[in-house]
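To start, the structure itself, in structure tokens.
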Amino acid sequence: MKDNTSYNKDMNDLVKYKLQKKNEPFAFNMVAQMILDESLHAYQIKRYKEQIDEALEKRDEARFMELTDEYLRFLG
């Protein structure tokens with residue numbers, strides 16, 4: 001009777017490889033989504049800071065308080 005150990009190992013390696021390749025698109029999509037989320041978060045922080053600075057320059061206390069509250073809730 002032949003020794004099938006090598007064949008079985010090769011088949012196991014092939015199955016592992018196929019499973020890994022199957023999961024790669026999911027991992028790629030997840031990383032891409034994380035990058036987009038982080039970029040959007042950074043953009044929103046920048047936008048809030050610019051608007052808050054503008055309200056300060058215009059001495060618009062009501063707008064400053066409104067934006068500050070929104071910003072703190074956003075960070076919350």
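By the count of UniProt numbering, the sequence shown reaches residue 76 at its end, each step adding exactly one.
Each residue gets a CB set at the ideal place from its N, CA and C atoms; glycine is no exception.
Query, Result
"According to the Cβ coordinates, are Gln-33 and Phe-74 closer than 8 Å?", "no"
"Tell me the residue span of the alpha helix (DSSP H) that contains Asp-69.", "61-75"
"Could you tell me if Leu-40 is buried or exposed, where buried requires 16 or more neighbouring beta carbons within 10 angstroms of its beta carbon?", "exposed"
"DSSP three-state label for Asp-13, please.", "helix"
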